[in-house]
Amino acid sequence: MKLSKRMGNIPPYLFVEIGKKIAAKKAKGESVISFAVGDPDIPTPPRIIERLCQAAQDPANHRYPETAGLPELRQAIAGWYKSRFGVSLDADKEVLPLLGSKEGVAHIALCFINPGDIALVPDPAYPPYAMGTIIADGRPYYMPLTEKNNFLPDLDAIPSNVLKEAKLLWINYPNNPTGAVADLDFFNRVVKFAQQHDLAVCHDGPYSEVAFDGYQAVSFLQAEGAREVGVEFHSLSKSYNMTGWRIGMAVGNAEMVAALRDVKSNLDSGIPQAIQYAAIEALTGPQGCIPEHNAIYQRRRDLVVETLNSIGLEAKSPKAALYVWAKVPEGYTSMGFADDLLEKVGVAVTPGTGYGKNGEGYVRLSLTIPDAGLVKGLSRLAEWRSGKLRPKAKK
Ligand SMILES: Cc1ncc(COP(=O)(O)O)c(C=O)c1O
Numbered sequence: 020m021k022l023s024k025r026m027g028n029i030p031p032y033l034f035v036e037i038g039k040k041i042a043a044k045k046a047k048g049e050s051v052i053s054f055a056v057g058d059p060d061i062p063t064p065p066r067i068i069e070r071l072c073q074a075a076q077d078p079a080n081h082r083y084p085e086t087a088g089l090p091e092l093r094q095a096i097a098g099w100y101k102s103r104f105g106v107s108l109d110a111d112k113e114v115l116p117l118l119g120s121k122e123g124v125a126h127i128a129l130c131f132i133n134p135g136d137i138a139l140v141p142d143p144a145y146p147p148y149a150m151g152t153i154i155a156d157g158r159p160y161y162m163p164l165t166e167k168n169n170f171l172p173d174l175d176a177i178p179s180n181v182l183k184e185a186k187l188l189w190i191n192y193p194n195n196p197t198g199a200v201a202d203l204d205f206f207n208r209v210v211k212f213a214q215q216h217d218l219a220v221c222h223d224g225p226y227s228e229v230a231f232d233g234y235q236a237v238s239f240l241q242a243e244g245a246r247e248v249g250v251e252f253h254s255l256s257k258s259y260n261m262t263g264w265r266i267g268m269a270v271g272n273a274e275m276v277a278a279l280r281d282v283k284s285n286l287d288s289g290i291p292q293a294i295q296y297a298a299i300e301a302l303t304g305p306q307g308c309i310p311e312h313n314a315i316y317q318r319r320r321d322l323v324v325e326t327l328n329s330i331g332l333e334a335k336s337p338k339a340a341l342y343v344w345a346k347v348p349e350g351y352t353s354m355g356f357a358d359d360l361l362e363k364v365g366v367a368v369t370p371g372t373g374y375g376k377n378g379e380g381y382v383r384l385s386l387t388i389p390d391a392g393l394v395k396g397l398s399r400l401a402e403w404r405s406g407k408l409r410p411k412a413k414k
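All residue numbers in the sequence shown are consecutive under our numbering, ending with 414.
Put into structure tokens, the structure is as follows:
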């Protein structure tokens, strides 16, 4: 048996590797507190689960769904975009429900990338932007996100020979892993840049509803001309704690939406309908759960940022998303620091280099960890630090 050459370019998924390290520790009977994965610990709101259970009882929902999703779901998505962002969408042409946004994010490269074509991908970033490109036999060109640039790509620094071969431009705000946010001015600049260089833009925005201190994220589609050049991916995973149900959407440019639908209709058989009804309930029902969840995350964010800074690990307070992006102590690499924390005090964090080489010098801590675990984890971090500060015992 011979695997394709492509497989040689596909590393195991970041969290699979971290999960293995955690499992090995636990198998030895050791306790591990994980700040690694951004998977909300708070349950899906009851009204959504009730609708899901009710819909699961209906035999009409036991059959194959349509790839395009239920018209009522597409309408609900369009209605949500109108009320949340003031963006009007044609529910038939500009909205495509997804089996969680990750699959759409990874599959869209198949619509635009010919072998050897370039996709412009931020670094650090959520891995599927680059991996989708590689699976489509394309080449990612990495745009560094640095503190100096407020973790926004410097579009003018992309060489012209790269731009000639580039087909897709990926951006993601509120950003995973850095917690950075972007304003409408930045999105307007992206639209102009895409028009100038004939690029299709993919904005990934699953964290738009997870925001703190009154911050409200904008949608890429609010930028002038955005729907002529791009789509936005969004998800119910983080807004409504629905990671396990797998539902998201791509909205915007009709041609891009149609191309993704064509690819998907050949690959999957739609979203289980009971989950689509649950999503309709999520988007159209009372939205009080969002500020409730955000208040919990904000409290956790404050605790994490305060503790990290108090033990000398520099971290800024993010305005949005579920993560704190913290600098590793001097003398450590990201991976070395993450390994040391796991080994010495049983705390799992994600090494910044898991998101690209510009993640070196950082680790990511997720706020999706129940309060008791969070407090215990933070006290273990302080323990790690005081162990480092203690003078070494003489031999
Ligand atoms: C930036 C980003 N995009 C997309 C996703 C995928 O979300 P889902 O597939 O659950 O909709 C995630 C999940 O962590 C993410 O961090």
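Backbone N, C-alpha and C fix where the C-beta goes; we use that ideal spot for every residue, glycine too.
None of these values were measured; they are calculated from a predicted model.
Would you report the Cα separation of I68 and E379, rounded to the nearest angstrom?
Position 49 of the sequence shown holds residue 68. Position 360 of the sequence shown holds residue 379. Cα to Cα, the separation comes out at about 40 Å.
Starting from I154, trace the alpha helix (DSSP H) both ways and give me its first and last residue.
The residue labelled residue 154 in the question sits at position 135 within the sequence shown. Run containing I154: 147-154, per the alpha helix (DSSP H) assignment.
Per DSSP, G271 forms a beta bridge with which residues?
Working through the sequence shown from its first residue, we reach residue 271 at position 252. Paired residue(s): V250.
Do S23 and ligand 1 come close, with the Cβ less than 6 Å from some heavy atom?
Counting from one through the sequence shown, the residue named residue 23 turns up at place 4. No, the beta carbon of S23 sits no closer than 6 Å to any heavy atom of ligand 1.
Report the rounded CA-to-CA distance for N195 versus A74, giving the unit in angstroms.
By 1-based counting over the sequence shown, the position of residue 195 is 176. By 1-based counting over the sequence shown, the position of residue 74 is 55. If you take the alpha carbons of N195 and A74, they lie about 33 Å apart.
Taking Cβ to Cβ, would you say A316 is nearer than 7 Å to A144?
On the sequence shown, residue 316 is found 297 positions in, with the first residue counted as 1. On the sequence shown, residue 144 is found 125 positions in, with the first residue counted as 1. Ala is not the amino acid found at residue 316; the sequence shown has Tyr there. Result no, Cβ atoms of Y316 and A144 do not sit closer than 7 Å.
DSSP bridge partner residues for D223 (one or two, in chain order):
Translated into positions along the sequence shown, residue 223 becomes position 204. N191, F252, per the DSSP bridge assignment.
Option nearest R208 by Cα separation, candidates C72, A199, V220, G198
Translated into positions along the sequence shown, residue 208 becomes position 189. Here the closest residue by C-alpha is V220.
Assuming Y342 contacts L384 under a Cβ cut-off of 8 Å, what Cβ separation, rounded to an integer in Å, is found between them?
Counted from its first residue, the sequence shown places residue 342 at position 323. Counted from its first residue, the sequence shown places residue 384 at position 365. With 8 Å as the limit, Y342 and L384 qualify as a contact, their Cβ atoms being about 7 Å apart.
Give me the Cβ distance between L240 and V114, rounded to the nearest whole Å; I'm assuming they're in contact under 8 Å.
As a first step, residue 240 is located in the sequence shown; it is residue number 221 there, counting from the start. As a first step, residue 114 is located in the sequence shown; it is residue number 95 there, counting from the start. About 11 Å separates the two Cβ atoms, so there is no contact after all.
Please find out if some non-hydrogen atom of ligand 1 comes closer than 6 Å to the beta-carbon of N260.
The residue labelled residue 260 in the question sits at position 241 within the sequence shown. N260: no, Cβ never under 6 Å from ligand 1.
Between which two residues does the alpha helix (DSSP H) carrying L139 extend?
Residue numbering aside, residue 139 sits at position 120 when the sequence shown is read from its first letter. Here L139 belongs to no alpha helix (DSSP H); instead the beta strand (DSSP E) covers 137-142.
Would you mind listing the beta strand (DSSP E) stretches within the region 156-192 that are 3+ residues and don't spill past its ends, in chain order?
Those beta strand (DSSP E) runs which fall completely within the region 156-192 and span 3+ residues are 158-163, 185-191.
I want to check one thing, is the minimum distance from the CB of Y145 to the heavy atoms of ligand 1 below 6 Å?
In the sequence shown, counting from the first residue as 1, residue 145 sits at position 126. When distances are taken from the beta-carbon of Y145 to the heavy atoms of ligand 1, the shortest one is below 6 Å.
When the Cα atoms are used, what is the spatial distance from P31 to V323?
The residue you call residue 31 lines up with position 12 of the sequence shown. The residue you call residue 323 lines up with position 304 of the sequence shown. If I take the Cα positions, the gap works out to 29 Å.
Residue interval of the beta strand (DSSP E) (run including P116)
Within the sequence shown, residue 116 is the residue found at index 97, counting from 1. Note, P116: beta strand (DSSP E), 114-117.
Taking the beta strand (DSSP E) that A345 falls in, what are its first and last residues?
Position 326 of the sequence shown holds residue 345. Taken as a continuous stretch (DSSP letters only), the beta strand (DSSP E) holding A345 covers 342-346.
Give the single residue among Y83, K24, N28, A334 whose Cα lies nearest to the Cα of S288.
In the sequence shown, counting from the first residue as 1, residue 288 sits at position 269. Among Y83, K24, N28, A334, the Cα nearest to that of S288 is on Y83.
Between the Cα of S53 and the Cα atoms of V364, T352, L286, K376, which residue gives the shortest distance?
Mapped onto the sequence shown, residue 53 falls at position 34. Per the Cα distances, V364.
Can we count D223 as close to ligand 1, meaning its CB is less than 6 Å from some heavy atom?
Position 204 of the sequence shown, counting from 1, holds the residue named residue 223. It does: the Cβ of D223 is within 6 Å (strictly closer) of some heavy atom of ligand 1.
Suppose you measure from the CA of I266 to the CA of S120; what does that come to, to the nearest Å?
Residue numbering aside, residue 266 sits at position 247 when the sequence shown is read from its first letter. Residue numbering aside, residue 120 sits at position 101 when the sequence shown is read from its first letter. Near 7 Å, if we compare the C-alpha coordinates of S120 and I266.
Let me know the secondary structure DSSP gives K414 once reduced to three states.
Looking up residue 414 in the sequence shown gives position 395. In this prediction, K414 has a pLDDT of 44, which is less than 50 and means its spatial position is unreliable; what the coordinates show is noted afterwards. In this structure, K414 counts as coil in the three-state DSSP scheme.
Any heavy atom of ligand 1 closer than 6 Å to the beta-carbon of S227?
Stepping through the sequence shown from its first residue, residue 227 is reached at position 208. Answer for S227: no, Cβ out of range of ligand 1.
Rounded to a whole number of angstroms, what is the C-alpha to C-alpha distance between K414 and L255?
Reading the sequence shown from its first residue, position 395 is the one you call residue 414. Reading the sequence shown from its first residue, position 236 is the one you call residue 255. Confidence at K414 is low in this model, with a pLDDT of 44, below 50, so its placement is unreliable and no value can be given for it.
Could you say which of G198, E274, K211, T165 lies nearest to S227 if we only look at CA atoms?
Here residue 227 refers to the residue found at position 208 when the sequence shown is read from its first residue. Comparing Cα-Cα distances from S227 to each of G198, E274, K211, T165, the minimum goes to G198.
Under the three-state reduction of DSSP, which class applies to P65: helix, strand or coil?
Residue mapping note: residue 65 aligns to position 46 of the sequence shown, counting from 1. Looking at P65 - three-state DSSP - the assignment turns out to be helix.
Collapsed DSSP secondary structure at R383 in the structure displayed
Along the sequence shown, read from residue 1 onward, the residue named residue 383 stands at position 364. Per DSSP, reduced to three states, the secondary structure at R383 is strand.
For V124, name the three-state secondary structure that DSSP assigns.
The residue labelled residue 124 in the question sits at position 105 within the sequence shown. Correct three-state label for V124: helix.
Please state whether DSSP places T369 in a helix, a strand or coil.
Residue mapping note: residue 369 aligns to position 350 of the sequence shown, counting from 1. Residue state, collapsed to three classes: strand.
So for S19, helix, strand or coil by DSSP?
Examination of residue 19 is not possible in this model, given that the chain is present from 20 through 414 alone.
If you follow the alpha helix (DSSP H) that K338 is in, where does it begin and where does it stop?
On the sequence shown, position 319 is the one that residue 338 refers to. Per DSSP, K338 belongs to no alpha helix (DSSP H) and is neither H nor E.
If I measure Cβ to Cβ from V237 and keep anything under 6 Å in the same chain, skipping five residues before and after, which residues do I get?
Against the sequence shown, residue 237 aligns to sequence position 218. L203, listed in sequence order.
Pair within 7 Å by beta-carbon distance, A314 and L332
If you number the sequence shown from 1, residue 314 lands on position 295. If you number the sequence shown from 1, residue 332 lands on position 313. In this structure, L332 does not lie closer than 7 Å to A314 by Cβ.
Return yes when at least one heavy atom of ligand 1 lies under 6 Å from the C-beta of G375, else no.
Taking the sequence shown and counting its residues from 1, the one referred to as residue 375 is at position 356. No - ligand 1 has no heavy atom lying nearer than 6 Å to the Cβ of G375.
Heavy atom of ligand 1 less than 6 Å from the Cβ of S385, yes or no?
The residue you call residue 385 lines up with position 366 of the sequence shown. No, since every heavy atom of ligand 1 falls outside the 6 Å radius drawn around the Cβ of S385.
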